[in-house]
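In this note's numbering, the protein residues as written are 172 to 443.
For each residue, glycine too, the CB sits at the ideal point set by N, CA and C.
One structure is given below, encoded as structure tokens.
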């Protein structure tokens, strides 16, 4: 019997939807025994950056990826990449992005793509305050920070916290580049044999197809990790973040990753 292969991904509905069949169905990919390791995206970033006991396959934010490209290569499948799916800057009162100069903005982690986008497009004088993504909206509502950078399902529910949208950084990105926004990718450690890399890549594509063919089979895994999200929010989340780029990022997705890397380096925000 093959050895278990740890695979890191987030408990967000898009990831659990995509990985359900791969980790639930025995021998979904012959010879591959995936062992799921679920954690918040920033925890996955930090584990890869630490370099100790690295996961052989892991979800990474695009920003986190740029710091570990010597160790990890990007898979074609499983990406969170698309249009109309950018992180949002929210605040208690209406303002513009330029109006946040000198203000404190909560971010969902230093190595998230949301943070990289904020640094690329917001005033340089903003002060960032890292915190868990699910703490950001309450912190903004309570006045602990002036604004917050929200990701995941928060884009669907921020108004429930009495907050208003300041900017959609995905719209800002698309207007500046014309490209889809690369938020996150699935990456394989460069020590993993090429055959296993291909098996995982193809397995993710097949797992996505299985969820689309039989949504009811994937739903229990999604809901088990949905952190009390409503069914409607889960469905919105999946519809937004699982798309043609998840099945295969293609040349356009690769170009988007390269452009974000280029902009981050030009701004002095990434290693060369």
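| Check | Outcome |
| --- | --- |
| Would you mind stating whether residue 325 and residue 302 have Cβ atoms separated by less than 8 Å? | no |
| Ordered along the chain, which non-local residues of its own chain (more than five positions away) have a Cβ less than 7 Å from that of residue 432? | 237 and 441 |
| Got a sec? Which residues, its chain only, sit under 8 Å from residue 400 by beta carbon, not counting five neighbours each side? | 184, 324 and 408 |
| Would you list the residues sitting across from residue 243 in a DSSP beta bridge? | 360 |
| Indicate whether residue 262 and residue 367 have their beta-carbon atoms separated by less than 8 Å. | no |
| I'd like to know whether the C-beta atoms of residue 279 and residue 342 end up nearer to each other than 8 Å. | no |
| Do you know how far the Cα of residue 378 is from the Cα of residue 354? | 20 Å |
| Going by DSSP, name the residue or residues bridged to residue 352. | 253 |
| Let's see if you can read the secondary structure: which residues bound the alpha helix (DSSP H) around residue 303? | No alpha helix (DSSP H) contains residue 303, which DSSP labels as neither H nor E. |
| What are the boundary residues of the alpha helix (DSSP H) that residue 374 is part of? | 365 to 384 |
| Which one or two residues does DSSP pair with residue 180 in a beta bridge? | 209 |
| From residue 332 to residue 233, what does the alpha carbon distance come to, in whole angstroms? | 28 Å |
| Given residue 298, which residues of its chain have a CB within under 6 Å of its CB, disregarding the five upstream and five downstream residues? | 275 |
| Thinking C-alpha only, which one of 351, 337 and 205 is nearest residue 268? | 337 |
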